[in-house]
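Numbering (our numbering), first residue to last: 6 to 119. We put the beta carbon where it would ideally sit given N, CA and C, even for glycine.
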C-alpha cells in the first residue's frame with residue numbers, strides 16, 4: 006500500500022527497521038524481591054495480614070523509642086526555648102503556648118493539693 010502514495014519518500018513508509026522480537030528475546034523488567042522492607046502499609050484495610058501480625062506491629066511501635074533532636078526536646082519543655090537557643094525572639098504563638106502551659110501547670114498543682 007505504501008508504494009502507491011504520492012506524499013513523501015517511500016522510505017518513510019517502509020518498516021524495514023521495525024523488527025518483531027520473539028517472546029524469549031523481549032527484555033523483561035526485573036522481578037521484585039519478596040519481603041521487601043516497608044512493603045506493607047500498616048493501616049491498609051485490604052492487606053491480608055493476620056490479627057496477630059497487626060498486634061505485634063502495634064507492640065513494636067509502642068516499644069520503639071524515637072530519636073529526637075535537642076531542639077524538639079527543648080520545645081516540649083518550653084515552647085519559647087528553641088527560638089531563644091538560636092538567638093531570636095519567640096513567636097507570638099510560642100509565647101501563647103508558654104502561657105497556656107504555665108496556666109495548666111498551675112491548675113494541676115492546685116488540683117493536686119485539693
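**Report entry** CB contact flag (residue 77, residue 99, <8 Å)
**Finding:** The answer is no: Cβ separation not under 8 Å.
Requested in this report: Measure the Cβ-Cβ separation of residue 74 and residue 103 and say whether it is below 8 Å.
Outcome: No. Outside cutoff.
Requested in this report: Please list the segments of the alpha helix (DSSP H) lying wholly inside the region 22 to 102, counting only runs of 4 or more residues, in order along the chain.
Outcome: Taken in chain order, the unbroken stretches of alpha helix (DSSP H) that lie wholly in the region 22 to 102 and span 4 residues or more are 56 to 68, 75 to 82 and 86 to 90.
Query raised in the report: When you compare only the Cα positions, how much space is there between residue 67 and residue 60?
Result: Those two C-alpha atoms are separated by around 11 Å.
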